[in-house]
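Everything below concerns the one structure shown next.
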Amino acid sequence: MFEPNEILTTLTGRGLVTAEGCETVRVRYRVVVERRQGGLFAHGDLHGSHAGLRPIWLEPDAQLRLKTGRRLDISLTDLVGDTAEFESTGAVGAL
6 MFEPNEILTT
16 LTGRGLVTAE
26 GCETVRVRYR
36 VVVERRQGGL
46 FAHGDLHGSH
56 AGLRPIWLEP
66 DAQLRLKTGR
76 RLDISLTDLV
86 GDTAEFESTG
96 AVGAL
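Residue numbers for the sequence shown follow the working numbering, beginning at 6 and rising by one.
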């Protein structure tokens, strides 16, 4: 049995964010992976250049490539200055 919204791990590092039609952006990330009733879910924040993140924020689908090379489908939900918040949009496997 598991607790609702149980935090499984928090990942930090440097990675890349990409979205179709947008330039790739180098970022520092913090990813929180938690278990919810429907499975695994990830959310967190990114720190990169505002000019690079803004076009990605306007796109519904993006990918975060972690320092391990793993990719996470995300959507940026907020952008203030050089900091963006995101949520996972696809399956979150073992990160």
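Yeah, the Cβ is synthetic: ideal placement off N, Cα and C, and Gly gets one too. Keep in mind that this is a model prediction, so the values were computed, not measured.
- Query: Going by Cα to Cα distance, which pick from Thr94, Leu84 and Thr88 is closest to Leu77?
  - Reply: When only C-alpha atoms are compared, the closest one is Thr94.
- Message: So the candidates are Val30, Leu13 and Gln42; which of them puts its Cα closest to the Cα of Arg19?
- Response: For the set Val30, Leu13 and Gln42, the Cα lying nearest the Cα of Arg19 is the one of Val30.
- Query: When DSSP labels each residue in this structure, what does Gly26 get in the three-state scheme?
  - Reply: Under the three-state reduction of DSSP, Gly26 is assigned to coil, being neither helix nor strand.
- DSSP state of Arg75, grouped into three classes? The answer is coil: DSSP assigns Arg75 none of H, G, I, E or B.
- Can you tell me whether DSSP reads Ala56 as helix, strand or coil? Helix at Ala56.
- On the premise that Arg59 lies in contact with Gly49, defined as a C-beta separation below 8 Å, what is that separation, rounded to the nearest angstrom? About 18 Å separates the CB atoms of Gly49 and Arg59; that is not less than 8 Å, and the two are not in contact.
- Message: Which same chain residues end up closer than 8 Å to Met6 when comparing Cβ atoms and leaving out the 5 residues on each side of it in sequence?
- Response: Caution is warranted here: a pLDDT of 46 is assigned to Met6, below 50, making its placement in the model unreliable, and no coordinate value can be reported.
- Flag this pair as yes or no: are the beta carbons of Val22 and Ala56 separated by less than 8 Å? Against a cut-off of 8 Å, the Cβ pair of Ala56 and Val22 comes out as no contact.
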